[in-house]
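Novice: Sharing a structure, written as structure tokens. Questions coming.
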Amino acid sequence: MIRKMIGGLAGTGASLFAATAAFAQEAAPAATVDKGDTAWMMVSTILVLMMILPGLALFYGGLTRTKNMIATMTQIGAVACLAMLMWVMFGYGLAFGPEGNAFISWGKFFLSGVDASSQAATFTAGVEIPEYVFICFQMTFAAITVALVLGSVVERMKFSAIMVFAAVWLTISYFPIAHMVWAAGGLFFDMGALDFAGGTVVHINAGVSALVACLILGKRIGFQKEIMAPHSLTMTSIGTGLLWVGWFGFNAGSALEANGSAALAMINTFVATASAGLFWMLAERAAGHKGSALGFCSGIIAGLVAVTPAAGNSGPFGAIVLGAIASIVCFYMVTVVKPKLGYDDALDAFGIHGVGGIVGAIGTAIVYAPSLGGPGAEDYDMGAKLVVQIMAVVTTIGWAAVATVIAMYVSKAVTGLRVTEEVEREGLDLGEHGERAYNY
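Residue numbering for the sequence shown is -24 to -1, 1 to 416, as defined by mature numbering (1 follows the signal peptide of the UniProt record, and there is no 0).
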């Protein structure tokens, strides 16, 4: 998402509340709203919403058993809606408020001071977009990130517990990490960390949280003893396609403008993903299995995850290599490491989003080099940037893990975490929502 942030008020009597690295406050040209950039950002925002509903809902829902389809989709939709409301109440202020420090900001709670004339900075001096558009764009990122976490805990966690978890987790994990990486004054923003569209903020954050959450929650009844195959790879495939299309809003939209940077992110989102989808199936063949539709879908998501931080920070051929490497590493994590360790990350949220995000975040420091076709300066210091990227990755892992422990135990204290054994065996569709996904 936004490497260098973030919006501010412009117009008569207004001043910037957060400056981008390229946007000096003194002697700045008069800021104007660019209608083309605004239109592109509005479309990008809607594309990211499509990633959640219906994209992620169908992708995750198809991977569950029939008896948990409605519950999975409802959980995703509900936490996304909760995130949107929290964002406009205080999340935006905590992530991109006018006052703050290296870890958090504050101000603009309940969008105080924002109206239709308020503007947010882009990466070009003097070119801005309406602040409401920027708020909505960032809001969709918060919504999908918390929804991604649920992939590890489906089929056994109470709906009420999920809602409490989401509220606490967004407050103490997502909002601070978004500030640290994307907001001017944030710890890793000021260090120059590269995260074009959310490798650390979205995928490592969600993936690590998913792993910690499933470890606290415990395994599903019958895990590694009963067959728990996806009930509809057709729906998962549809969800995969919707996610890929929506991801162009995610990645190319993070340029904040309809320009060359967005075009670079666009082509990288094509080719890294294509590479990853094919390499996952090649990995399956190398392991002695048939290339599968599930593997293809998994590879597509792994490639999208890995290219997210590198979308505008890599050349196309660097993105191809990054996608291939991430796909192979994620394949190994999902098919070899997870079975050996025996943890029940039900839909591989950690194995793909967490691991793919780590590969992508660290790999971005490599593919950014101009010698490898990246957009870095001629004097680019790869070693120094690798250190920054690793520091951002390690901090995100630690912060997300601690925040998830807190959120899970708060949820446990308030509602209890797991459904009863009877409900789990019957299915959460009926037990939690009184509905069936399919009525024959």
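Ideal Cβ placement from N, Cα and C applies to all residues, glycine included.
All of these numbers come straight from a predicted model, not from anything done at the bench.
Do you know whose CA, among Ile180, Phe35, Ala47 and Val9, lies nearest Val370's CA?
Specialist: The residue with the shortest Cα to Cα distance from Val370 is Ile180.
Novice: Any idea what DSSP makes of Glu75, helix, strand or coil?
Specialist: Three-state result, Glu75: strand.
Novice: Report buried or exposed for Ser88, applying the criterion of at least 16 other Cβ atoms within 10 angstroms of its Cβ.
Specialist: By the 10 Å Cβ count, Ser88 comes out exposed.
Novice: Would you say Val157 and Thr372 are within 9 Å of each other, going by their C-beta atoms?
Specialist: In this structure, Thr372 lies closer than 9 Å to Val157 by Cβ.
Novice: Work out the CA separation of Gly349 and Ala239 for me, nearest whole Å.
Specialist: Approximately 15 Å, taken between the alpha carbons.
Novice: From what residue to what residue does the beta strand (DSSP E) around Glu104 run?
Specialist: Per DSSP, Glu104 belongs to the beta strand (DSSP E) from Val103 to Pro106.
Novice: Tell me which same chain residues have a C-beta within less than 7 Å of the C-beta of Ala325, skipping the five on either side of it?
Specialist: If we look at Ala325 and ignore the five residues flanking it on each side, its Cβ neighbours are Leu124, Val125, Gly127, Ser128, Ala182, Gly183 and Ala186.
Novice: Report buried or exposed for His265, applying the criterion of at least 16 other Cβ atoms within 10 angstroms of its Cβ.
Specialist: When all chains shown are included, His265 counts as exposed.
Novice: Can you round the beta-carbon distance between Lys134 and Leu393 to whole angstroms, since I take them to be within the 8 Å contact cut?
Specialist: Between Leu393 and Lys134 the Cβ distance is about 7 Å, and since that is below 8 Å, they are a contact.
Novice: Using only the alpha-carbon positions, how far apart do residue 468 and Val122 sit?
Specialist: Any property of residue 468 remains undetermined from this structure, which presents the chain solely from -24 to 416.
Novice: To the nearest angstrom, how far is the alpha carbon of Ala241 from that of Glu233?
Specialist: Each residue's Cα considered, the two are about 12 Å apart.
Novice: Please state the DSSP three-state secondary structure of Thr(-13).
Specialist: Model confidence at Thr(-13) stands at a pLDDT of 31, short of 50, so the residue's coordinates are unreliable and nothing is read from them.
Novice: Restricting to Cα atoms, I'd like to know which of Thr8, Trp63 and Ala137 is closest to Ala97.
Specialist: With distances taken between Cα atoms, Ala97 lies closest to Thr8.
Novice: Could you give the first and the last residue of the continuous alpha helix (DSSP H) run that contains Trp186?
Specialist: One detail in the question is off: residue 186 reads as Ala in this sequence, not Trp. From DSSP, the alpha helix (DSSP H) with Ala186 extends over Asn181 to Leu193.
Novice: From this set, Lys11, Ile382 and Asn77, which residue's C-alpha is nearest Phe164's C-alpha?
Specialist: Cα-wise, what sits closest to Phe164 is Asn77.
Novice: Could you tell me how far apart the beta carbons of Lys314 and Gly333 are, in whole angstroms, since I believe they sit closer than 8 Å?
Specialist: In fact, because the Cβ distance is near 16 Å, the residues do not count as touching under 8 Å.
Novice: Can you tell me where the beta strand (DSSP E) holding Ala54 begins and where it ends?
Specialist: Not the beta strand (DSSP E): Ala54 falls in the alpha helix (DSSP H), residues Met45 to Met62.
Novice: If we ignore side chains and look at the alpha-carbon of each, how far apart do Val395 and Ile138 end up?
Specialist: Rounded to the nearest angstrom, the two C-alpha atoms are 11 Å apart.
Novice: So, is Thr245 buried or exposed, given that buried needs 16 or more other C-beta atoms within 10 angstroms?
Specialist: By the 10 Å Cβ count, Thr245 comes out buried.
Novice: Counting C-beta neighbours from all protein chains within 10 Å, is the total for Pro285 16 or more, i.e. buried, or is it exposed?
Specialist: So Pro285 ends up on the buried side.
Novice: Please classify Ala96: does DSSP put it in a helix, a strand, or coil?
Specialist: Note: Ala96 maps to strand in three-state DSSP.
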